[in-house]
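A.B. asks: What follows is a structure written as structure tokens; I'll ask about it next.
In the working numbering, the protein residues as written are 137 to 291.
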């Protein structure tokens, strides 16, 4: 009878070990699920905060647009918070300048700029004026306020 009892006790201990292992695995899975849920909850809270700020910003832009009669211009949509800030030199003295665009290299001064190409004028060249008689040595130039001959009316 000892061999049957030994086999019975061995089977019971094997089943107890299997049940314990399953309980441990279940507990580990539940802990991992709880950690993942907490992590997802925190991530969603940060995304919710960002989405809420975006929604508030879009509401503010829409209100500005409506108050401007429905026109979405640069002035209407400009960030009013940054425009109203006054900056003084004290902040600049304390802070060290940082290069926010390290990959950008400013163009060198040695590079020649292309000369603008003059456009052909649509006006025919003006006829030469009649020669005027010479004025005296101390004669003042004539200032005519109503002389618009040098004004280009095509602009």
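Heads up, the beta-carbon is just placed ideally off N, CA and C, and yes, glycines get one too.
Residue 290 by DSSP, collapsed to three states: which one?
C.D. replies: DSSP places residue 290 in coil when its eight states are reduced to three.
A.B. asks: Mind checking which residues open and close the alpha helix (DSSP H) that includes residue 138?
C.D. replies: Looking at the DSSP string, the run of the alpha helix (DSSP H) that includes residue 138 is 138 to 203.
A.B. asks: Just the C-alpha distance for residue 150 and residue 177, rounded to the nearest angstrom, thanks.
C.D. replies: Rounded to whole angstroms, residue 150 to residue 177 spans 40 Å at the Cα level.
A.B. asks: Exposed or buried, residue 139, counting other C-beta atoms within 10 Å across all chains shown (16 or more means buried)?
C.D. replies: By the neighbour-count rule (16 or more Cβ atoms within 10 Å), residue 139 is not buried but exposed.
A.B. asks: Alpha carbon to alpha carbon, how far is residue 166 from residue 152?
C.D. replies: Going from the Cα of residue 166 to the Cα of residue 152 covers about 21 Å.
A.B. asks: Using DSSP with H/G/I as helix, E/B as strand and the rest coil, what is residue 266?
C.D. replies: Residue 266 falls in the coil class under three-state DSSP.
A.B. asks: Check residue 281 in the structure and name its three-state DSSP category.
C.D. replies: The answer is coil: DSSP assigns residue 281 none of H, G, I, E or B.
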